[in-house]
Amino acid sequence: MPAVSFPAARTYQVRVVDAYVITPRMRRVRLAGPDLVGFTALPGQDVVVRLQTPDGPAHRRYTIRNLDPINGAFDLDIVLHGHGPGARWAAGVEPGAELEIFGPRGKVPLATAPAQVFVGDESALPAIAEMAAALPRATEIRAVIEVSDAAERQPMPPEMDVRWLIRGDREPGTADLLLPAIEELSVAGATRHFYLFAESRVVRLLRDALSARGVPLEEISAKGYWNKGRPMRG
Ligand SMILES: Cc1cc2nc3c(=O)[nH]c(=O)nc-3n(C[C@H](O)[C@H](O)[C@H](O)COP(=O)(O)OP(=O)(O)OC[C@H]3O[C@@H](n4cnc5c(N)ncnc54)[C@H](O)[C@@H]3O)c2cc1C
Numbered sequence: 001m002p003a004v005s006f007p008a009a010r011t012y013q014v015r016v017v018d019a020y021v022i023t024p025r026m027r028r029v030r031l032a033g034p035d036l037v038g039f040t041a042l043p044g045q046d047v048v049v050r051l052q053t054p055d056g057p058a059h060r061r062y063t064i065r066n067l068d069p070i071n072g073a074f075d076l077d078i079v080l081h082g083h084g085p086g087a088r089w090a091a092g093v094e095p096g097a098e099l100e101i102f103g104p105r106g107k108v109p110l111a112t113a114p115a116q117v118f119v120g121d122e123s124a125l126p127a128i129a130e131m132a133a134a135l136p137r138a139t140e141i142r143a144v145i146e147v148s149d150a151a152e153r154q155p156m157p158p159e160m161d162v163r164w165l166i167r168g169d170r171e172p173g174t175a176d177l178l179l180p181a182i183e184e185l186s187v188a189g190a191t192r193h194f195y196l197f198a199e200s201r202v203v204r205l206l207r208d209a210l211s212a213r214g215v216p217l218e219e220i221s222a223k224g225y226w227n228k229g230r231p232m233r234g
C-alpha cells in the first residue's frame with residue numbers, strides 16, 4: 001500500500017440543501033455551505049455528523065459522495081435501517097436544517113493492485129461506488145454487495161463486475177450470505193486487493209476467511225461500519 005497523506009480534518013457548519021430517497025431504504029442528504037468551498041477528501045472518506053438527540057449528542061459517520069468542491073457541496077447516502085439517531089435523522093431531515101460535521105475522516109486509501117475486490121453491505125454502497133469510480137480504467141474491479149432486496153441495488157461504474165446478494169427476510173448483520181460468496185471468489189492470479197466494509201463482526205469473519213486462504217493481511221483493507229445490536233460511536 002503506498003504512503004498516502006490524508007487531508008486535515010476540522011469542523012464545518014453546513015446546511016441541508018436537498019433530501020430525497022434514492023431507493024426505498026436509502027435517503028440522499030445533500031449538504032452545502034460556504035464553509036465547504038474547497039473541501040477536499042479522498043475517495044471513500046467520510047464525515048462525522050454531529051446530531052443532537054434528547055439523550056445528548058450522537059456522532060455518526062457517513063461517506064462523502066458526489067463532492068463538488070467548487071460550489072461547496074456533497075451528498076450523504078444513508079441507510080434507513082429503522083433504529084438509532086442517524087437513521088432517524090436521515091429519514092426526517094428536510095432542506096434548511098443546519099448542522100455541524102467533522103471531517104474528512106477515514107484511513108482506507110485506494111490500493112494500486114491491478115485487480116480489486118469490494119465486499120460489503122448497503123452501508124458500504126456509497127464507499128464502494130466512490131472508490132471504484134476513482135480507480136484507473138485498467139483496474140479489474142469486482143464487488144460482492146449484500147442489500148435487503150432487489151430494489152436497493154444501485155447503478156455502479158459500468159466496468160465493475162457486481163454480484164448482488166439479496167438478504168430478503170433474513171436479518172442484517174450476519175455473514176450468512178457474504179461468507180459463502182467470498183469463499184467462491186478466486187484469490188489466485190493477479191495481485192489483488194480486497195476491501196471489506198460491513199457489520200464489524202462480519203468483517204472480522206470475512207478477513208479471517210481470506211487470510212485462511214492465504215491472502216496476506218496487507219492485501220486486505222477491513223473496516224467495521226456498524227455494530228449489530230449496539231450503537232456505533234462516531
Ligand atoms: C467509515 C464509515 C463510513 C460509513 N458510511 C456510511 C454511509 O455512507 N451510509 C450509511 O448508511 N452508513 C454508513 N456507515 C455506517 C453508519 O455509521 C452506522 O450504520 C451507524 O451505526 C448508523 O447510526 P444510527 O444512529 O443509525 O444507528 P446506531 O445508533 O449506531 O445503532 C442503533 C441500532 O441500529 C443498528 N444498525 C446500525 N446500522 C445499521 C445498518 N446499516 N443496518 C442495520 N442495522 C443497523 C445497530 O446494530 C443498533 O442495534 C459508515 C460507517 C463508517 C465507520
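Residue numbers (the UniProt record's numbering): 1 to 234.
Yeah, the Cβ is synthetic: ideal placement off N, Cα and C, and Gly gets one too.
Model, not experiment: these values are computed from the prediction.
Can you tell me which of 62, 66 and 158 puts its alpha carbon nearest to the alpha carbon of residue 122?
Residue mapping note: residue 122 aligns to position 122 of the sequence shown, counting from 1. Among 62, 66 and 158, the Cα nearest to that of residue 122 is on 62.
Taking the alpha carbon of residue 90 as the point to measure from, which residue in 60, 194, 111 and 117 has its own alpha carbon closest?
Along the sequence shown, one-based indexing puts residue 90 at 90. Nearest of 60, 194, 111 and 117 to residue 90, Cα basis: 60.
Given residue 7 as reference, the closest of 109, 230 and 178 once Cα atoms are compared:
Taking the first residue of the sequence shown as position 1, residue 7 is located at position 7. Nearest to residue 7 by alpha-carbon distance, out of 109, 230 and 178, is 109.
Report back the beta-carbon spacing between residue 131 and residue 43 to the nearest angstrom; my notes put them in contact at under 8 Å.
Here residue 131 refers to the residue found at position 131 when the sequence shown is read from its first residue. Here residue 43 refers to the residue found at position 43 when the sequence shown is read from its first residue. Confirmed, Cβ separation roughly 5 Å.
For residue 151, which of 71, 182, 135 and 22 has the nearest alpha-carbon?
Here the question's residue 151 lines up with position 151 in the sequence shown. The shortest C-alpha separation from residue 151 is found at 22.
Assuming contact is defined by CB atoms lying nearer than 8 Å, are residue 72 and residue 102 in contact in what I supplied?
As a first step, residue 72 must be located in the sequence shown, where it is residue number 72. As a first step, residue 102 must be located in the sequence shown, where it is residue number 102. Going by C-beta atoms, residue 72 is not nearer than 8 Å to residue 102.
Consult DSSP for residue 211 and reduce its assignment to one of helix, strand or coil.
Here residue 211 refers to the residue found at position 211 of the sequence shown. In the three-state scheme derived from DSSP, where H, G and I count as helix and E and B as strand, residue 211 is classed as helix.
Which whole-angstrom value is the C-beta distance of residue 114 and residue 191, which I expect to be below 8 Å?
Locating residue 114 in the sequence shown gives position 114, counting from the first residue. Locating residue 191 in the sequence shown gives position 191, counting from the first residue. Going by Cβ atoms, the distance from residue 114 to residue 191 rounds to 6 Å, so yes, they are a contact pair.
Report the rounded CA-to-CA distance for residue 298 versus residue 33, giving the unit in angstroms.
Since the first residue shown for the chain is 1 and the last is 234, residue 298 is missing from the structure and cannot be characterised.
Can you check the UniProt domain "FAD-binding FR-type" (9-111) for any alpha helix (DSSP H) of at least 4 residues that lies completely inside it and give the ranges in chain order?
Entirely contained in the UniProt domain "FAD-binding FR-type" (9-111), the alpha helix (DSSP H) runs reaching 4 residues are, in chain order, 84-92.
Could you check if residue 178 belongs to the surroundings of ligand 1, using beta carbon to heavy atom distance under 7 Å?
Here residue 178 is taken as the residue at index 178 of the sequence shown, counted from 1. No, since every heavy atom of ligand 1 falls outside the 7 Å radius drawn around the Cβ of residue 178.
Tell me the rounded alpha-carbon separation between residue 49 and residue 204.
Sequence index remark: in the sequence shown, residue 49 carries index 49 (1-based). Sequence index remark: in the sequence shown, residue 204 carries index 204 (1-based). Just so you know, the alpha carbons of residue 49 and residue 204 end up roughly 26 Å apart.
Mind checking whether the beta-carbon of residue 22 lies closer than 7 Å to any heavy atom of ligand 1?
For the purposes of this step, residue 22 is taken as residue 22 along the sequence shown, with counting starting at 1. The nearest non-hydrogen atom of ligand 1 is 7 Å or more from the C-beta of residue 22.
Throw me the rounded Cβ distance for the residue 53 and residue 95 pair, which I believe falls under 8 Å.
Your numbering for residue 53 matches position 53 in the sequence shown. Your numbering for residue 95 matches position 95 in the sequence shown. For a cut-off of 8 Å, the C-beta gap from residue 53 to residue 95 is around 21 Å, too long to register as a contact.
Taking only heavy atoms of ligand 1 into account, decide whether any of them is closer than 7 Å to the Cβ of residue 61.
Your numbering for residue 61 matches position 61 in the sequence shown. Indeed, a heavy atom of ligand 1 lies less than 7 Å from the Cβ.
Whole-angstrom Cβ separation of residue 87 and residue 16, contact assumed at under 8 Å?
As a working mapping, residue 87 is identified with position 87 in the sequence shown. As a working mapping, residue 16 is identified with position 16 in the sequence shown. No, residue 87 and residue 16 are not in contact; Cβ-Cβ is about 16 Å, not under 8 Å.
For residue 51 and residue 188, what's the separation of their Cα atoms in angstroms?
Position 51 of the sequence shown, counting from 1, holds the residue named residue 51. Position 188 of the sequence shown, counting from 1, holds the residue named residue 188. Take the alpha-carbon of residue 51 and the one of residue 188: they are about 45 Å apart.
Which partner residues does residue 115 have in the DSSP bridge list?
Sequence index remark: in the sequence shown, residue 115 carries index 115 (1-based). Residue pairing for residue 115: DSSP places it in a beta bridge opposite 140 and 192.
Proximity below 8 Å, CB of residue 177 to CB of residue 209
For the purposes of this step, residue 177 is identified with residue 177 of the sequence shown, where counting begins at 1. For the purposes of this step, residue 209 is identified with residue 209 of the sequence shown, where counting begins at 1. Not in contact: residue 177 and residue 209 (Cβ atoms no closer than 8 Å).
Residues bridged to residue 161 by DSSP?
Along the sequence shown, read from residue 1 onward, the residue named residue 161 stands at position 161. Per DSSP, the beta-bridge partners of residue 161 are 142.
Are the Cβ atoms of residue 35 and residue 64 separated by less than 8 Å?
To locate residue 35, count along the sequence shown from 1; it is residue 35. To locate residue 64, count along the sequence shown from 1; it is residue 64. Contact: no.
Compare the beta carbon distance of residue 79 and residue 153 with 8 Å and say whether it is the shorter of the two.
If you number the sequence shown from 1, residue 79 lands on position 79. If you number the sequence shown from 1, residue 153 lands on position 153. Contact: no.
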